[in-house]
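Position one of the sequence shown corresponds to residue 129 (my numbering), numbered consecutively onward. Virtual Cβ for every residue (Gly too), placed ideally from N, Cα, C. Okay, so here's the structure we're looking at.
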Amino acid sequence: MIKKIIIKPGCISCGTCEVICPNVFEVKQIGTVKKNASLELHKEEIKEAAQTCPVGCIEIEEE
Ligand code: SF4
């Protein structure tokens, strides 16, 4: 189960995470995680976004 998503420093605002999973990610100045987003419901897309992020700055905490 995904407990938390951390956007680590280094985001280059490429928009990829939002394209892959717009229910969870929103790219403003940098990529952000939407408040109240259902992480468990979108966990496969979240993992895909984390793997696809060109600078590897999406960290997933699971329990
Ligand atoms: S995919 Fe990574 S670099 Fe691109 S906007 Fe999202 S967090 Fe930032």
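Going by DSSP, which residues form a beta bridge with residue i?
{"i": "ILE148", "result": "According to DSSP, ILE148 bridges with nothing at all."}
{"i": "GLY159", "result": "VAL155"}
Can you look up residue i in the DSSP assignment and give me helix, strand or coil?
{"i": "LYS131", "result": "strand"}
{"i": "GLU176", "result": "helix"}
If the criterion is Cβ atoms closer than 8 Å, does the pair residue i and residue j meet it?
{"i": "GLU187", "j": "ILE148", "result": "no"}
{"i": "ILE135", "j": "ILE158", "result": "yes"}
{"i": "MET129", "j": "GLU168", "result": "yes"}
{"i": "PRO182", "j": "CYS145", "result": "no"}
inquiry  = Please enumerate, following chain order, all residues with a beta carbon closer than 7 Å to at least one heavy atom belonging to ligand 1.
reply    = ILE135, CYS139, ILE140, SER141, CYS142, GLY143, THR144, CYS145, GLU146, PHE153, VAL155, ILE158, GLY159, ALA177, THR180, CYS181, PRO182, VAL183, CYS185 and ILE186
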